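Reading through the structure tokens given below for one structure.
Number of protein chains: 2
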Amino acid sequence: MSARRVTIVEIAQHVGLSKTTVSDALHGGGRVSPATAAKVAAAARELGYVTNRAARQLRGRSVGALGIYIPPIARNFNFYMEFAFGAAHGSAEHDADLVLFARDADVGPRHFQVDGVIAVDPLPGDPMLERLVDAGIPMVTAGRPPEALADAVSAVIEAPHGDLTRLVLDHLWESGYARPAFVGSDRRFYSSWADDVRRTYVEWCGAHSVAPSAFDCPLDATADELSTAVRSAVRPSDVDALVCAPQGFAGRSIGILESLGVHTGTAFGLASLSSDPTTELGNPRITAVDLAPWTFGRESIVLLAAVLGGDQHDHLNRFADVGVRIAGETTTRSWESLQA
Amino acid sequence: MSARRVTIVEIAQHVGLSKTTVSDALHGGGRVSPATAAKVAAAARELGYVTNRAARQLRGRSVGALGIYIPPIARNFNFYMEFAFGAAHGSAEHDADLVLFARDADVGPRHFQVDGVIAVDPLPGDPMLERLVDAGIPMVTAGRPPEALADAVSAVIEAPHGDLTRLVLDHLWESGYARPAFVGSDRRFYSSWADDVRRTYVEWCGAHSVAPSAFDCPLDATADELSTAVRSAVRPSDVDALVCAPQGFAGRSIGILESLGVHTGTAFGLASLSSDPTTELGNPRITAVDLAPWTFGRESIVLLAAVLGGDQHDHLNRFADVGVRIAGETTTRSWESLQA
DNA sequence: TTGAAAGCGGTACCAC
DNA sequence: GTGGTACCGCTTTCAA
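Protein chains in written order, with our numbering: chain A, 4 to 343; chain B, 4 to 343.
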């Protein structure tokens with residue numbers, strides 16, 4: 004079994020200082036002299052010291068754990084999985100654990116034993132978000148929060164979905180596709196992402212004097228449901244491209260379009276605004292927005308850590324680093340390069 | 004911000020008892036009289052008491068958190084996501100948090116601040132598993148562990164993959180399909196699951212005097228890679244069905260087969276041994292094994308909790324509750340009913 | 001710049 | 001059955 008852990012007292016004995024000094028040297032605000040700080044750090048490393056989170060939490064305020072909450076509806080998508088693991092990595096870099104909150108986990112009174120939480124794609128009226136806010140847990144949202152929560156949220160990180168959508172539509176346009184249709188998620192998933200991409204599509208159509216052909220279906224659409232939406236979207240005879248919002252829909256649409264006699268990639272354009280890594284980003288027929296969920300998750304933790312660290316900079320609302328892979332190309336263009 | 008929390012001292016004052024008695028009444032081993040236990044429980048509820056995990060951990064041994072580890076290769080599948088959320092729910096039921104471990108999170112010395120861990124589909128040679136074992140964390144694996152870890156694992160939970168595979172093959176056989184082909188995952192994902200389904204397929208072929216037609220591809224196969232595997236598998240002209248092992252492959256194969264002029268669901272059988280909830284379980288063309296990942300995850304936590312609670316029963320190795328939905332049927336048959 | 005002592009909220013051990 | 005007390009490892013006063 005695990006050997007007994009090294010404590011600051013042992014370090015103190017080892018270097019001939021008091022436990023107070025050791026504590027300050029390791030975590031404090033620069034009270035101790037650089038020389039002793041170095042000595043203590045060396046001893047800590049040598050002895051294999053690791054902070055006992057329980058003790059720290061008991062006396063102080065920090066828990067040493069961060070939380071992540073993902074709405075149940077969205078769990079079909081590996082976007083969230085990748086996001087969560089990026090967040091876990093980021094947490095580890097900040098010496099914190101990442102705790103997974105399940106909405107269903109509402110069993111009896113429990114406190115959230117975390118210093119802060121990432122709420123991914125916060126949906127209006129989600130009771131779990133309210134509980135977190137009521138508990139006073141500092142919250143960073145990935146995606147803009149609903150109105151009711153706006154004041155309670157410490158910071159927001161999001162991808163530039165509107166810009167990305169416009170970029171994809173422009174690319175299709177420049178490639179000669181004159182009327183792209185759109186398939187998005189329905190109202191059960193009313194995130195800022197869903198809003199942004201849908202609104203941008205409609206605006207873009209207006210700016211290009213193109214009649215929108217937009218249809219929604221559930222995020223967890225079955226083959227039939229997606230098929231219905233896709234058929235409706237591409238029904239107008241002059242539709243020559245399809246832009247799918249939710250992850251995987253574009254990849255799944257290839258077969259549906261094929262069965263309609265529509266061959267993707269040549270005369271008909273196809274794009275995904277939130278790409279599945281294997282079926283969409285890896286598919287040369289599809290122009291694919293890479294939301295880089297792992298990085299996104301990690302960056303959201305960096306932001307949360309900054310908030311908890313007391314950063315009050317006005318750039319607390321950030322954009323994540325994303326990319327786009329154009330159909331037929333093998334490399335992904337970063338968002339920054341695309342801005343230029 | 005969060006109101007100061009209620010402590011056992013306040014409960015003690017409230018009911019006119021000592022700290023010790025309150026502690027025993029709430030968590031102890033039945034030392035106190037039923038009457039006082041009830042009184043204390045009532046007061047605790049009334050005052051909104053929640054155990055302070057840090058304090059408990061500091062004195063005692065329990066951390067109040069469980070961990071889950073999912074190998075990076077496998078993260079493409081929402082099976083694991085559902086599993087993780089089932090586990091989070093199960094943890095909450097045991098008044099524990101669920102911590103997500105990332106292998107990449109190997110940044111500096113950190114202790115695993117958990118009472119035990121679920122390792123999902125443990126792969127041979129995974130350094131993270133070794134670290135967990137070295138740290139002496141009690142481990143339950145979902146799926147049988149590799150040889151090298153067998154002794155270090157406290158319990159195993161798995162689905163009866165061999166039986167399920169046989170059942171699917173038998174069903175296809177009885178439906179008139181004489182020679183099913185097989186597409187599985189390659190060696191980079193060498194789990195007991197991958198082993199079981201592949202071996203069972205080959206055995207079944209032997210028992211039915213059918214020549215196997217089995218091909219592997221990466222778990223994160225692109226459209227092209229999967230296409231290659233499927234084409235190879237169905238090349239023999241007498242192949243009249245396809246059984247796909249990894250989640251989503253059967254659903255993705257429909258389009259591939261279509262492009263080969265093979266129409267699934269009528270003259271050609273299709274099955275998935277690990278079904279995606281929307282594209283496969285919801286698809287009437289596919290005979291789909293429902294691994295019920297949420298329940299699986301929850302049950303794995305129940306098992307881990309039993310292990311940590313000191314259960315030494317010999318039924319520590321369990322089978323999860325799974326189901327199968329036969330192509331064309333709308334309901335899922337439970338594994339238990341299928342046994343009968 | 002450093003040290004001593006108190007105390008966070010529980011649990012374990014011992015008396016009664 | 002119940003109560004008193006020490007103590008887990010750390011941070012936070014307050015003194016030196």
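Note that the Cβ used here is the ideal one computed from N, Cα and C, for glycine as well. Predicted model only: the values in this text are computed from it and were never measured.
{"query": "Spatial neighbours of Asp27 (chain B) in its chain, beta-carbon cut-off 7 Å, leaving aside the 5 residues before and after", "result": "Arg34, Val35"}
{"query": "Beta-carbon gap between Gly67 (chain B) and Gln250 (chain A) smaller than 9 Å", "result": "no"}
{"query": "One or two residues paired with Gly326 (chain A) in a DSSP bridge", "result": "A:Asp293, A:Ser337"}
{"query": "Selection from A:Ala224, A:Gly146, A:Ala308, A:Glu177 that minimises the alpha carbon distance to Ser256 (chain A)", "result": "A:Ala224"}
{"query": "Rounded straight-line distance, which links the Cα of Ile289 (chain A) to that of Ala197 (chain B)", "result": "31 Å"}
{"query": "Inter-stretch contact (C-beta, 8 Å, three-pair minimum) for the region 298–306 of chain A and the region 87–97 of chain A", "result": "yes"}
{"query": "Any chain B beta carbon closer than 9 Å to Gln16 (chain A)", "result": "no"}
{"query": "Every unbroken alpha helix (DSSP H) inside the region 74–139 of chain A [4 residues or more]", "result": "81–96, 130–137"}
{"query": "Distance, Gly313 (chain B) Cα to Val143 (chain B) Cα", "result": "13 Å"}
{"query": "CB-CB length for Leu69 (chain A) against Asp118 (chain A), believed under 8 Å", "result": "6 Å"}
{"query": "Test item: CB-CB of Pro127 (chain B) and Tyr72 (chain B) under 9 Å", "result": "no"}
{"query": "Neighbourhood of Ala158 (chain B) by C-beta, 7 Å cutoff - its chain only, sequence neighbours within 5 removed", "result": "Val143, Leu306, Val310, Leu319, Asn320"}
{"query": "CB contact below 9 Å: Glu332 (chain A) versus chain B", "result": "no"}
{"query": "Reference Ala330 (chain A), options A:Ala295, A:Phe322, A:Ser278, closest by Cα", "result": "A:Ser278"}
{"query": "Residue range of the alpha helix (DSSP H) that includes Ser230 (chain A)", "result": "226–237"}
{"query": "Cα-Cα separation, His114 (chain B) to Ala138 (chain B)", "result": "8 Å"}
{"query": "Neighbour flag for Leu101 (chain B) against chain A, beta carbons, 9 Å", "result": "yes"}
{"query": "Limits of the unbroken beta strand (DSSP E) element including Leu273 (chain A)", "result": "272–275"}
{"query": "Alpha-carbon spacing of Ala359 (chain B) relative to Cys247 (chain B), whole angstroms", "result": "Only positions 4 to 343 of chain B appear in the structure, and residue 359 (chain B) is not among them; the question remains open."}
{"query": "Identified DSSP bridge partners for Cys247 (chain A)", "result": "A:Val186, A:Ser275"}
{"query": "Limits of the unbroken alpha helix (DSSP H) element including Val66 (chain A)", "result": "Per DSSP, Val66 (chain A) belongs to no alpha helix (DSSP H) and is neither H nor E."}
{"query": "For Glu283 (chain B), the three-state DSSP class (helix, strand or coil)", "result": "coil"}
{"query": "Assigned exposure category for Val12 (chain A) - 16 Cβ within 10 Å defines buried", "result": "exposed"}
{"query": "Cut-off 7 Å between Cβ atoms - residues of its own chain near Trp207 (chain B), not counting five sequence neighbours on either side", "result": "Arg169, Leu172"}
{"query": "Alpha carbon of Ile121 (chain B) to alpha carbon of Ala95 (chain A), nearest angstrom", "result": "19 Å"}
{"query": "Whole-angstrom distance between Asn79 (chain A) and Lys22 (chain B), CA atom to CA atom", "result": "47 Å"}
{"query": "Beta bridge counterpart(s) of Thr269 (chain B) as assigned by DSSP", "result": "According to DSSP, Thr269 (chain B) bridges with nothing at all."}
{"query": "Top-ranked residue by Cα proximity to Thr231 (chain B), from B:Leu284, B:Leu263, B:Val292, B:Glu161", "result": "B:Leu263"}
{"query": "Where the alpha helix (DSSP H) containing Ala1 (chain B) begins and where it ends", "result": "What the structure shows of chain B is the stretch from 4 to 343, and residue 1 (chain B) is not part of that stretch, so it cannot be assessed."}
{"query": "Rounded separation between Thr54 (chain A) and Asp166 (chain A) - CA only", "result": "44 Å"}
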